[in-house]
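Under this note's numbering, the first residue of the sequence shown is numbered 23, with each subsequent residue one higher. Single-structure report; data block below.
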Amino acid sequence: MSFPLLTATAVLPAVGAIATAAVPAAKRTAAKWLALSFSLATLVLAVVVLVRFDPDGARYQLTESHAWIADFGVRYELGVDGIGVALIALTALLIPFIVLAGWHDADPLETGSRRWRPTQGFFALILAVEAMVILSFEATDVFLFYIFFEAMLIPMYFLIGGFGDRAHAHGEATAATQRSYAAVKFLLYNLAGGLIMLAAVIGLYVVAGTFSLSEIAEARANGSMEMATSTERWLFLGFFFAFAVKAPLWPLHTWLPNAMQESTAPVAVLITAVVDKVGTFAMLRFCLQLFPEASKWATPAVLVLAVISIIYGALLAVGQRDIKRLIAYASISHFGFIIMGIFAMTSQGQSGATLYMVNHGLSTAVLMLIAGFLISRRGSRLIADYGGVQKVAPVLAGTFLIGGLATLSLPGLAPFVSEFLVLVGTFTRYPVIGIIATFGIVLAALYTLVLYQRTMTGPVKPEVSAMPDLRVREIAVVAPLVVLLVFLGVYPKPLTDVVNPAVKHTMSDVQQKDPRPEVEAAK
């Protein structure tokens, strides 16, 4: 029996969460180092998964399958394709930086009456989320996926509501109320989506008699499973609704700005760079693979919603006064690009969407973490409270600029490649949608550069005149991410080689081929 590598990759952070939570309350520093050690060990296992994965091999590799709830046809089945491998690597990579960035975010305050949960709980919850997200990327049993898709809401709820941002202009009581509101809103929106998905999961079992992706695919191929058109469409809508909430797609997005605004910066990165990717990943793995005809039927409506997300999110980002809310609305716009690429039903669009998931995770992590360092120094999230920061903290300002330029997809940085592929892939099949979406790029340049101008340039405000530059720990957090943004922007081939074969399988599921170019290339 081969070593269960996928299980180990998910179990290790879960064990780390339990071990970290068990550290005595007085040993806060030990708990931090323990959490960091487990996150780094998980990263090592994720790298092993990446190395052992063969892009030219079987669709799902490193598979594990064991009977679990036999009476209901539920199995413990794991397997990864190129898309899952890329997102597992992203998750495992970001968690150590999230732990480092939040090193002091749950420390008790020396003054004031606010009571904080134990530091150990903060880091244990982060590791618990990592374990559930990785299992979501690995699960090839629909019911198993559903369990972890929903279970990750519990630690996220406590991270948002119990360890919120300390920078608040209206006092501790108001801050606690707004954190509770954001956490409850996050939970209710995602639970509503999950309950609808549960009905669809049960419906799928009634039709297919199994939860296994491989068995459903085999039944479709040999014609032993027939699904009525109306049934397939209803089941698709049940799955898609839950994924659209998680993604988040307009108009199901309203929980995200509140959650990111009230969270600490590392938790905000955990939300938008890690947890939300489960929604877009699941659209590729489950919606398109399980319900190919319904996916094509819904494509026009989904593309319209995606374009609305792109323009709406960018427009609202332009008008924000709060740094974190600006980044949240920018993320809504970016998720619109990802979903547009998925449902463009072209290989360029879906490859670009997958790359976008990875690259958006990197760029948002840089921008939000630097914003968090900035906010912790000044004690305010309001853009108007800053000015001239680049003169007193040039390294902080420089990395903030790189994160901003990556957000607007500057050529030479990783997000440019993915956004370009998404737009090309969309334009070849839906030119009007592609043209409208390009306005999101213009708006991205506007909100990013205006944010930088108002916070970093101009006269130095007295409140920031003594602001320290990035410390060694903070540089260690952002420097590797900046290097990756540049490397993948100049040389994305290692990532595309892993992703493209999986995209070909997805295109085959929906029986779509790329449109022929109107003008053939010269031979």
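Built from N, CA and C at the ideal position, the CB exists for glycine as well. Because the structure is a prediction, the values reported are computed rather than measured.
With DSSP as the reference, label residue 383 as helix, strand or coil.
Of the three classes helix, strand and coil, the one that applies to residue 383 here is helix, per DSSP.
Between residue 379 and residue 328, is the Cβ-Cβ spacing less than 8 Å?
No, the Cβ-Cβ distance between residue 379 and residue 328 is not below 8 Å.
Using three-state DSSP, classify residue 98 as helix, strand or coil.
Three-state result, residue 98: strand.
Which value, in whole angstroms, describes the spacing of the CA atoms of residue 144 and residue 457?
Straight-line Cα distance between these residues: approximately 44 Å.
I think residue 42 touches residue 146, with their Cβ atoms under 8 Å apart; what is that distance to the nearest whole Å?
Contact holds; Cβ gap of about 4 Å.
Let me check understanding here. Comparing Cα to Cα, which of 73, 535 and 182 lies closest to residue 151?
Cα-wise, what sits closest to residue 151 is 182.
On a Cα-Cα basis, can you pick out the residue from 490, 244, 237 and 211 that is closest to residue 269?
Closest by alpha carbon: 211.
Which residues in the same chain as residue 24 place their Cβ atom closer than 8 Å to its Cβ, once the five residues preceding and following it in sequence are excluded?
Answer for residue 24: no residue qualifies.
Would you call residue 64 buried or exposed, if buried means 16 or more other Cβ atoms sit within 10 Å of its Cβ?
Buried, because 16 or more other Cβ atoms sit within 10 Å of the Cβ of residue 64.
Please list the terminal residues of the continuous alpha helix (DSSP H) segment that includes residue 356.
Element bounds for residue 356: 345–365.
What does a CB cutoff of less than 8 Å around residue 33 pick up in its chain, not counting 5 residues either side in sequence?
The residues are 153.
Under 8 Å, with one C-beta from each stretch per pair, do the region 217–228 and the region 286–302 reach the 3-pair mark?
No, the region 217–228 is not in contact with the region 286–302.
CA-CA distance, residue 44 and residue 142?
Residue 44 and residue 142: Cα-Cα distance of roughly 8 Å.
List in chain order: all unbroken alpha helix (DSSP H) runs of 4+ residues lying wholly within the region 202–278.
Qualifying alpha helix (DSSP H) stretches, in chain order: 235–244 and 251–268.
Compare the beta carbon distance of residue 306 and residue 528 with 8 Å and say whether it is the shorter of the two.
Yes, they are a contact pair.
Once the 5 residues before and after residue 54 are set aside, which same chain residues still bring their CB inside 8 Å of it?
Cβ within range, chain order: 121, 125, 141 and 145.
What does the alpha-carbon distance come out to for the pair residue 428 and residue 441?
So the alpha carbons of these two residues sit roughly 11 Å apart.
What runs of the alpha helix (DSSP H), each 4 residues or longer, lie entirely inside the region 52–79?
The qualifying runs do not exist here; there are none.
Grab me the residues of residue 371's own chain with a C-beta within less than 6 Å of its C-beta, minus the 5 sequence neighbours each way, in chain order.
Cβ within range, chain order: 363, 444, 447 and 448.
I need the straight-line Cα distance from residue 284 to residue 201, nearest angstrom please.
Distance between the alpha carbons of residue 284 and residue 201 is about 5 Å.
Nearest to residue 490 by CA position, among 38, 218, 417 and 507, is which residue?
Ranking the options by Cα distance to residue 490, first place goes to 417.
Could you give the distance in angstroms between the alpha-carbon of residue 133 and the alpha-carbon of residue 397?
Legend: pLDDT at residue 133 = 43, less than 50; position of this residue unreliable, no value from coordinates given.
Quick one: Cα of residue 275 to Cα of residue 338, how far?
Going from the Cα of residue 275 to the Cα of residue 338 covers about 13 Å.
Do three or more CB pairs link the region 341–360 to the region 465–473 at distances below 8 Å?
Segments in contact, yes.
Could you check where the alpha helix (DSSP H) with residue 142 kicks off and where it finishes?
From DSSP, the alpha helix (DSSP H) with residue 142 extends over 141–160.
Would residue 135 be called buried (16 or more neighbouring beta carbons within 10 Å of its own) or exposed?
Below a pLDDT of 50, predicted positions are generally treated as unreliable, and residue 135, at 39, falls in that range; no measurement from the model is reported.
For residue 77, collect the residues of the same chain with a Cβ closer than 7 Å to its Cβ; drop the 5 residues on either side in sequence, then sort them by chain order.
For residue 77, where only same-chain residues beyond five positions count, the Cβ hits under 7 Å are 104, 519, 520 and 523.
Kindly list the residues whose CB is nearer than 6 Å to the CB of residue 576, restricted to its own chain and excluding five residues on each side of it in sequence; keep chain order.
With the chain covering only 23 through 545, there is no way to say anything about residue 576.
DSSP state of residue 398, grouped into three classes?
Residue state, collapsed to three classes: helix.
Among 403, 229 and 217, which one has its Cα closest to the Cα of residue 252?
Selected option, being the one with the closest Cα: 229.
What's the call for residue 341, buried or exposed, on a 16-neighbour Cβ count within 10 Å?
It counts as exposed.
Looking only at its chain, what residues have a beta carbon closer than 6 Å to the beta carbon of residue 39, apart from the 5 residues adjacent to it on each side?
Closer than 6 Å at the Cβ level, and outside the excluded window around residue 39, lie 146, 149 and 150.
Could you tell me which residues DSSP pairs with residue 86 in its beta bridges?
Answer is 100.
May I ask you to verify whether the region 257–271 touches the region 297–311, counting CB pairs closer than 8 Å and requiring at least 3?
Contact holds: three or more Cβ-Cβ distances are below 8 Å.
Throw me the rounded Cβ distance for the residue 95 and residue 232 pair, which I believe falls under 8 Å.
That pair is a contact at about 5 Å.
Quick one: Cα of residue 128 to Cα of residue 185, how far?
Cα to Cα, residue 128 sits roughly 7 Å from residue 185.
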